[in-house]
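For the sequence shown, position 747 matches number 746 in numbering that gives the first Met the number 0, and the numbering has no gaps at all.
Where a beta carbon is used, it is the ideal one built from N, C-alpha and C, also for glycine.
First up is the structure itself, then whatever we jot down about it.
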Amino acid sequence: MSNINPTKRPLLASHQTPLQILETLPGAFFLVDDAATIVYANASTQAILGATREDVLGKPLWRGAPQLVSTALYRAVQKTRQTRAPSEVEYVSPVTGTWLHVQLSPTVGGLMVQVHQGRTVAQREAPVPQGERLSIEDLDGLYSRISVLTPEGIVLEINEVPLAEARVRREEVIGKPLAETSWWSDTPAAQEQVHAAIARASRGETVRFEAVIHPREGLDRHLEVAITPHRDADHHIAYLIFAGIDITERKRAEAELHVLIDAIPQQVWIMRPDGSYDSFNQRAHDYTGLSTEESQGEGWMQCLHPEDRSRVRSAWQCAVQTGGVYETEVRLRQNTTGEYRWFLARGMPMRDDTGQIIKWFGTSTDIEEQKRAEQQLKESRESLRVLTETVPQLVWVARSDGLLEYSNQHWQDYTRFTFEHMQNDRWAHFQFIHPADQEGTRACWQHALDMGTMYEHEERLRNGQNGEYRWFLTRGMPMRDDTGQIIKWFGTSTDIEEQKRTEEALRQSQEHASILMNSNIIGINIIEGEQIVEANDTFLRMTGYTREDLRAGNMNWLHMTAPDDLARTLEAHQEHATQLSITPYEKEYVCKDGSRLPVLVGGVLFQHHPHQAIGFVLDNSARKELEQRKDDFINMASHELRNPLTALKMQTQLVRKRLEKQSQHEAATALARMEGPIKQLERLIAELLDVSKIQAGRLEYVRERVDLDELLREVTATIHHLHPSHTILVRGSVHTSLIGDRDRLGQVFTNLLSNAIKYSPDAQTVEMDLSASDEVVTIRVRDHGLGIPRELRDKIFERFYRVTDPKRKAIPGLGMGLYIVAEIIKHHGGTITADSAVGEGSAFMVTLPLMRDA
Ligand code: ADP
0 MSNINPTKRP LLASHQTPLQ ILETLPGAFF LVDDAATIVY ANASTQAILG
50 ATREDVLGKP LWRGAPQLVS TALYRAVQKT RQTRAPSEVE YVSPVTGTWL
100 HVQLSPTVGG LMVQVHQGRT VAQREAPVPQ GERLSIEDLD GLYSRISVLT
150 PEGIVLEINE VPLAEARVRR EEVIGKPLAE TSWWSDTPAA QEQVHAAIAR
200 ASRGETVRFE AVIHPREGLD RHLEVAITPH RDADHHIAYL IFAGIDITER
250 KRAEAELHVL IDAIPQQVWI MRPDGSYDSF NQRAHDYTGL STEESQGEGW
300 MQCLHPEDRS RVRSAWQCAV QTGGVYETEV RLRQNTTGEY RWFLARGMPM
350 RDDTGQIIKW FGTSTDIEEQ KRAEQQLKES RESLRVLTET VPQLVWVARS
400 DGLLEYSNQH WQDYTRFTFE HMQNDRWAHF QFIHPADQEG TRACWQHALD
450 MGTMYEHEER LRNGQNGEYR WFLTRGMPMR DDTGQIIKWF GTSTDIEEQK
500 RTEEALRQSQ EHASILMNSN IIGINIIEGE QIVEANDTFL RMTGYTREDL
550 RAGNMNWLHM TAPDDLARTL EAHQEHATQL SITPYEKEYV CKDGSRLPVL
600 VGGVLFQHHP HQAIGFVLDN SARKELEQRK DDFINMASHE LRNPLTALKM
650 QTQLVRKRLE KQSQHEAATA LARMEGPIKQ LERLIAELLD VSKIQAGRLE
700 YVRERVDLDE LLREVTATIH HLHPSHTILV RGSVHTSLIG DRDRLGQVFT
750 NLLSNAIKYS PDAQTVEMDL SASDEVVTIR VRDHGLGIPR ELRDKIFERF
800 YRVTDPKRKA IPGLGMGLYI VAEIIKHHGG TITADSAVGE GSAFMVTLPL
850 MRDA
C-alpha cells in the first residue's frame, strides 16, 4: 500500500482489492480530494504524465498533471463535484496534443478520474460536446496572449504566443498561478498587479489594465489586458479568460509622440473620448503647475479663470458630444506668477478606422499679446473715433477711389448731409462747394487721386443750415498698406473763415501802411536802440541821407539830434518806454550836410518788438519860419511902438504941467485922463517886449536881496489903489527874503492879483496866503471868479493863450501875462500851478526856493 500517501486520508483504505484492480487498469487513474489534490494515482499515470506517482501525490491535480489540464477537464471536475453525478469529457491535451477521454465519478470526499489516451490526434475530428469547443488549439492561432484561468488564477490553458515569448513548454505553465509563470514577470509589483486583477475578475468584474511583463531576459512587453469572468449555468464563475494585447509598439509610438508633443511650442493636451484628462505635454504641466494626478477627470479645469469655467465646460461638453472641432478662448493661470493669460484652445477628435473617437488632441496657444494688441487696436480705433468727433474740424474718410466712407458729426452738422447721401457718387460733396471753387477742387482732387499725393485746397463750403458759405482748408492724406497701395483717404476741413478775414484785414492794413510809408508828407523811421533801421524816402529826403547810409547803419538818431534838443529827446524816449507812445514834440535834426531841420516828432512802440519803435516826422521848418517872422515882427513892433509912446507920454506930461501952471485946470485934467490909457499901452508894449525877449532868450534879470513881505505889501497897495472894487486879504507872512529880481517878482504878483480881480468881476475879495518853510516860500492867490476849465489849467501858461468863452469876451487881454509870469518863476527856480474849475474861482500857487547863501 505504499502507493497511498500515508499523510492523506485513506479514502479507499477498506477497498484493498479494488485498489489492486485499479493498479492494473490500462488507463491512468487518479483519486482527488475535494480540494482537487491528488491522493492516489495508479501505475499507468506515469505513462501519461511522464512522472512517477510519488512526484504527483499530494499536489493539486492541475499542477501534478499538467498534461491533462484543460478547460474542458476543469469544467468537468467542477460539474461532477457539484452534481455528484458521473461525467466524462473528451479533449486534446493542450500539452501533449493527444486525444484524451476522461471519466469522472464522485466518491466520498473526492473524485475518481480515469484517463484514456487511446486515440491519435488525427481522430480529433470527432464531435465534441457543445460548450467544450474552446480549445487551446484555436487560441494558438491568435496573436494575442490568451489564457484560461481558474477563478484563483491558475493557468488552465494558454496559447502559443506567451510560451514562445517566454521560451517555455506548455506544461511548465499549465497549472501554475499566472502571476508566478516565468512569462509574466518576476517583479513583485507586476505580480501583485495581475493578482489583484484576477481577484477582482473572480468577483464578477471585467478588469482592464495595462501591464509591463518580462517574459524572459532582455524582453519586455507592454500589454493591454482584459480579464473576463465566465459563468456556468448556475451563474457561478467557472473560469476567467485572460487576453493580453501587445501594445509595446503603440506605447513606444505614444512615447515618441509625447516627446514630439513636448517639443511643440504650444501647450498640448490629450483627452479621452469621454472628455476626461488623458495627458498634457510638459509645457502645459509647467504652465499650469498641475500634476498628472491633479489633472485627472475635470481636475485640469482648476487652472481656468473662474469666470471662464462654465463657458469652457459647456463648449467642451458640446464638442465631446458632437465630435466636432472644439475652439474657445480661455484665460489660464500661470502657476509661477498667478497671472492669467489669454489662450486660444483648439481640439480635434482622432478617430480609428471605424470612425470611433480614440482620443482628443488639442493645443492651447498663448494669445495674450494678440489680445492686448487687439485691445490696443480697439482702443486706438475708439480714440480715433473720439478724436474725430471732438476735433473742431470736419473729418472725413474716403475710399481709395475717392468715395466717402465716413464723416464725423461736425461734418454732418455743417453740411446737413449724412454720408449715406454721398455714397454712390464721389463728386457728390460738390453740392455744398461754392460754384466758383468747384473747378479748382475737382482738379486738385483728381490730381491727388491720380498721383497719390496729399490733397490740399481752400474752398468755400455751404453751411447747410443758413446757406452761407465759409472758407475751409481741406486736406486729404492717402493712407497706404504695407505694399504702398492706397487704401483710404483721411481728410479734414478746417474753418479758415476768420483767418481769411484776418488775412484780408492784414492785407488792407499793409496796403495802408505802405501808402503811409510811401507818402511824401510824413517822414517815417523805425528805430532800434540808437539806430534807425528803416526809413521811408520822405524821411531820407528830409535829412539828406541815402538808402545806402541807412543800410550801412550810418543813421543814429542820437547823433542826428541837435545838442539843444538832446535832453528833450531823451525825455521823450523815456516816456516812450512807459507809455508805448510819444506825445509829439518839436526838435531839430542835424541833417547829413550839418544843416538843421526843425521837425515835429511823434512815435509808437511796436507791441511785439519792444526794442523797436516807429517814428513819425513832420517837417516843421515852414511853421518855424513863420513863427520866427512873427517873433521878429513882435520884437520890431514893440520897439517901434515904444519910442513914439514914450514921446507921447512925455509930451502929454509936459503939456499938462504947463497947463497947470497957466491954471487951465480943466484942460490939464482932460490931459491927465489920457495918462491912464497911455500907461496901459505902455504896459502892453512892455509885455510884448518881454515876450519877444523871452523868445530870443534875452530877458535880463538883476540879482538882489528881495524882502518878500515888503514887496508883497507894495504890490497889494498899488493894486488896491488901481482896483478899489476888490479887497485884497493878505493872510500870513513869509518873514524872509530871497535873492532875485525885485521888479520881475513884483511883476509876477502884480499880474496874478490883476488877473484875480479882472476875472472875478462879481466878487469883492481876493485872498493872498503866505507861508514859508526852511526851503521854500509859498504864495497862494485865490479869487472867487469865473474859474478855468480843468483841462486848460496848463494851457493858460502858454504864449498868447486865452480862454475863450462868452463871459470873458469883454475882459481885455492878450494872453501874455501868465506866460511871462511862468518864465520869471522858472528863472527863479520856482514853480507855478493853477487849481481851478469853471464857476468856482481860481487859485494860483507859487513856490520860490530860498537861496540863503547867495
Ligand atoms: P490875459 O491878458 O488874457 O489875462 P494872461 O496870460 O494873464 O492873459 O491869462 C491867460 C488867460 O488865463 C486869460 O485869458 C484868462 O482867461 C485866464 N486867467 C488868468 N487868470 C485867471 C483867473 N484868475 N481867473 C480866471 N481866468 C484866468
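Just how far apart, CA to CA, sit residue 692 and residue 630?
9 Å
Enumerate, from N- to C-terminal direction, the unbroken alpha helix (DSSP H) stretches of 4 or more residues contained entirely within the segment 37-75.
44-48, 52-55 and 60-63
Could you pull the DSSP bridge partners for residue 90 from this structure?
99
Use the C-beta contact count for residue 248: other C-beta atoms within 10 angstroms, 16 or more gives buried, fewer gives exposed.
exposed
Taking the alpha carbon of residue 563 as the point to measure from, which residue in 576, 595, 552 and 821 has its own alpha carbon closest?
595
How far does the alpha helix (DSSP H) with residue 379 in it extend, from its first residue to its last?
367-389
Would you call the CB atoms of residue 26 and residue 43 closer than 8 Å?
yes
Could you give the residue range of the beta strand (DSSP E) that holds residue 612?
611-618
Report yes if the C-beta of residue 517 is less than 7 Å from at least one heavy atom of the ligand ADP; otherwise report no.
no
In this structure, what does DSSP give as the bridge partners for residue 221?
211
Do residue 345 and residue 367 come within 8 Å of each other at the CB atom, strictly closer than that value?
no
Residue 745 CB to nearest heavy atom of the ligand ADP below 7 Å:
no
Straight-line CA distance for residue 131 to residue 33?
Any reading at residue 131 must be qualified, since the residue scores a pLDDT of 42, below 50, and its modelled position is unreliable; the value itself is stated next. So the two alpha carbons sit approximately 23 Å from each other.
Whether residue 515 touches residue 526 by CB criterion (8 Å):
no
Among 733, 460, 423 and 570, which residue has its Cα nearest to the Cα of residue 470?
460
Exposed unless 16 or more other CB atoms sit within 10 angstroms - verdict on residue 200:
buried
The beta strand (DSSP E) that contains residue 245, what's its start and end?
236-245
Alpha helix (DSSP H) containing residue 763: first to last residue?
Segment: none, residue 763 is in no alpha helix (DSSP H) and carries neither H nor E.
Proximity test, residue 614 beta-carbon vs the ligand ADP heavy atom, cut-off 7 Å:
no
Should residue 179 and residue 70 be called a contact, given that it needs their Cβ atoms to be closer than 8 Å?
no
Cβ of residue 630 versus every heavy atom of the ligand ADP: is any distance shorter than 7 Å?
no
In the DSSP output, what is residue 326 paired with across the bridge?
345
Does DSSP classify residue 700 as helix, strand or coil?
coil
How about residue 110 and residue 99: are their beta carbons less than 8 Å apart?
no
What are the start and end residues of the beta strand (DSSP E) that includes residue 531?
530-534
What do you get for residue 473, buried or exposed, if any count of 16 or more other CB atoms within 10 angstroms of its CB means buried?
buried
Which two residues bound the contiguous beta strand (DSSP E) that contains residue 584?
580-589
Rounded distance between the beta-carbons of residue 148 and residue 197, thought under 8 Å
7 Å
Residue 555 in three-state terms, based on DSSP
strand
When you compare the CB positions of residue 443 and residue 456, do they come within less than 8 Å of one another, or not?
yes
Can you tell me which of the three DSSP states residue 301 falls into?
helix
Alpha carbon of residue 170 to alpha carbon of residue 250, nearest angstrom
31 Å
Quick one: any contact between the segment 780-794 and the segment 822-841, if contact means 3 or more CB pairs under 8 Å?
yes
For residue 608, count the other beta carbons within 10 Å of its own beta carbon; 16 or more makes it buried, fewer makes it exposed. Which is it?
exposed
Of the choices 565, 495 and 597, whose alpha-carbon is the least far from that of residue 538?
597
Quick one: residues in its chain with C-beta nearer than 6 Å to the C-beta of residue 318, no 5 flanking neighbours on either side, listed in chain order?
325
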